[in-house]
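Accompanying notes for the structure given below.
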Amino acid sequence: MDYGWFWEIVNWLSLPILTALAGIFLWRGLNREFPLFFGFIVVSDVSTVLRFVAQFSSPRAYFYSYWISDLVITVFNFLAIYELFVSRLFPGFFKIRFYRYLFPLMAAAIIFLGWLTALESPDKNAAFFIEARVLDFAMAAMLAFFAGLMMLMGRVWTRYDFGIATGFGINAAVFLFASAMWVRTHYRPSSVDHLPLIAYDISCLIWLCCFWSAPKIQGPVPPQPLAPEALHEAKKWEQSLKDFMSQGKR
Numbered sequence: 003m004d005y006g007w008f009w010e011i012v013n014w015l016s017l018p019i020l021t022a023l024a025g026i027f028l029w030r031g032l033n034r035e036f037p038l039f040f041g042f043i044v045v046s047d048v049s050t051v052l053r054f055v056a057q058f059s060s061p062r063a064y065f066y067s068y069w070i071s072d073l074v075i076t077v078f079n080f081l082a083i084y085e086l087f088v089s090r091l092f093p094g095f096f097k098i099r100f101y102r103y104l105f106p107l108m109a110a111a112i113i114f115l116g117w118l119t120a121l122e123s124p125d126k127n128a129a130f131f132i133e134a135r136v137l138d139f140a141m142a143a144m145l146a147f148f149a150g151l152m153m154l155m156g157r158v159w160t161r162y163d164f165g166i167a168t169g170f171g172i173n174a175a176v177f178l179f180a181s182a183m184w185v186r187t188h189y190r191p192s193s194v195d196h197l198p199l200i201a202y203d204i205s206c207l208i209w210l211c212c213f214w215s216a217p218k219i220q221g222p223v224p225p226q227p228l229a230p231e232a233l234h235e236a237k238k239w240e241q242s243l244k245d246f247m248s249q250g251k252r
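Offset between the sequence shown (1-based) and the numbering used here: plus 2.
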């Protein structure tokens with residue numbers, strides 16, 4: 003039985019879902035509460051339309067339109083995660099100078115080293131795919147770090163925040179699994195090829211359900227206060243870090 007029509011639906015299902023999600027954001031005023039995540043939604047919609055148009059052009063045009071738009075979407079993906087954890091859940095995270103420089107430098111190093119590794123590939127077209135895997139690994143590591151920090155410090159998820167993080171987490175985890183399987187099978191066609199598409203559609207449905215049924219936000223939600231025990235533990239770790247850095251300077 004030919005299932006080509008089914009995979010075509012899976013391939014383009016995210017477009018109507020994210021379009022409806024963008025409409026919900028404008029209707030409920032959520033674009034002011036989540037400007038970077040709203041930017042991610044709009045960029046993803048525009049990129050999907052461009053890919054749909056480019057598929058009727060030459061294979062080379064579709065190849066470059068796909069991977070360039072994928073890079074743009076990934077940048078907004080990182081910005082949305084930054085907005086979720088740093089701006090909303092941990093607004094005082096970058097008050098420590100060490101953190102302000104640590105994460106941007108690590109992200110720049112990962113991207114740069116990943117690009118150098120990709121350029122070593124005999125097939126230059128594979129550079130885009132290798133860089134996409136490197137960025138997705140960095141994204142998954144960032145999500146795992148902040149999710150662990152949420153549990154360690156006793157923070158409470160809101161409905162919106164949990165929905166956004168869950169969608170990004172599913173998407174990143176499935177892509178990493180599929181990448182590992184592609185390497186293991188030497189990139190031979192298999193059923194694993196469709197897993198990232200299915201995961202992305204599921205993520206979009208999670209976001210749609212989360213923001214569709216949740217009450218309208220009337221104003222900015224203040225950050226949840228830390229538990230006294232978690233705050234005391236965090237101050238101990240901060241002081242230990244400062245002592246360690248001071249010893250290094252001496």
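Backbone N, C-alpha and C define an ideal beta-carbon position, used for all residues, glycine too. The structure displayed is predicted, hence computed values, not measured ones.
Enclosing alpha helix (DSSP H) for residue i [first to last residue]
i: ALA36; result: Here the sequence assigns Phe to residue 36, which means Ala is not the residue at that position. From DSSP, PHE36 is part of no alpha helix (DSSP H); its letter is neither H nor E.
i: THR168; result: 161 to 186
i: PHE213; result: 197 to 215
i: ARG190; result: Here ARG190 belongs to no alpha helix (DSSP H), and DSSP marks it neither H nor E.
i: GLU87; result: Reading the sequence as shown, one finds Phe at residue 87 and not Glu. Segment: none, PHE87 is in no alpha helix (DSSP H) and carries neither H nor E.
Straight-line gap, residue i to residue j (C-alpha atoms, nearest Å)
i: LEU20; j: SER71; result: 16 Å
i: GLU10; j: ASN33; result: 30 Å
i: GLY169; j: VAL176; result: 11 Å
i: ASP163; j: LEU52; result: 29 Å
i: ILE204; j: ILE166; result: 12 Å
i: ILE172; j: PHE80; result: 15 Å
i: VAL223; j: ARG62; result: For VAL223, the pLDDT reaches just 48, beneath the cut-off of 50, and the residue's location in the model is therefore unreliable, leaving the point undetermined.
i: VAL55; j: TYR64; result: 9 Å
i: CYS212; j: TYR202; result: 15 Å
i: GLN57; j: THR50; result: 11 Å
i: PHE179; j: HIS196; result: 12 Å
i: VAL158; j: ILE200; result: 29 Å
i: ALA82; j: PRO191; result: 32 Å
i: PHE42; j: THR187; result: 32 Å
i: VAL185; j: ALA134; result: 14 Å
i: VAL194; j: SER16; result: 19 Å
i: PHE147; j: PHE114; result: 21 Å
i: PRO198; j: SER181; result: 9 Å
i: VAL44; j: PHE27; result: 11 Å
i: PHE131; j: ASN13; result: 18 Å
i: PHE154; j: VAL88; result: In the sequence under discussion, the amino acid at residue 154 is Leu, which differs from the Phe named in the question. Roughly 16 Å separates the two Cα atoms.
i: SER215; j: THR160; result: 14 Å
i: LEU91; j: TRP7; result: 42 Å
i: ALA174; j: ALA142; result: 6 Å
i: PRO18; j: TRP209; result: 13 Å
i: TYR84; j: SER59; result: 36 Å
i: LEU107; j: MET183; result: 30 Å
i: VAL48; j: LEU151; result: 34 Å
i: SER46; j: ALA110; result: 23 Å
i: ALA22; j: LEU145; result: 26 Å
i: GLY25; j: ALA149; result: 29 Å
i: GLY221; j: TRP29; result: Any reading at GLY221 must be qualified, since the residue scores a pLDDT of 47, below 50, and its modelled position is unreliable; no value is offered.
i: CYS206; j: LEU86; result: 17 Å
Contact with chain D by residue i, beta-carbon distance below 9 Å
i: SER215; result: Here there is only one protein chain, and chain D is not present.
Open item on the list: With three or more C-beta pairs closer than 8 Å as the rule, is the stretch 68 to 84 touching the stretch 130 to 139?
Closed with: With a cut-off of 8 Å, the stretch 68 to 84 and the stretch 130 to 139 count as touching, because enough Cβ pairs lie within range.
Does the stretch 26 to 43 come within contact of the stretch 58 to 68, defined as at least 3 CB pairs closer than 8 Å?
Flag = no, the stretch 26 to 43 and the stretch 58 to 68 do not touch.
I'd like the ranges of any alpha helix (DSSP H) spanning at least 4 consecutive residues and lying wholly in the stretch 43 to 90. Fully enclosed alpha helix (DSSP H) runs of 4 or longer: 61 to 84.
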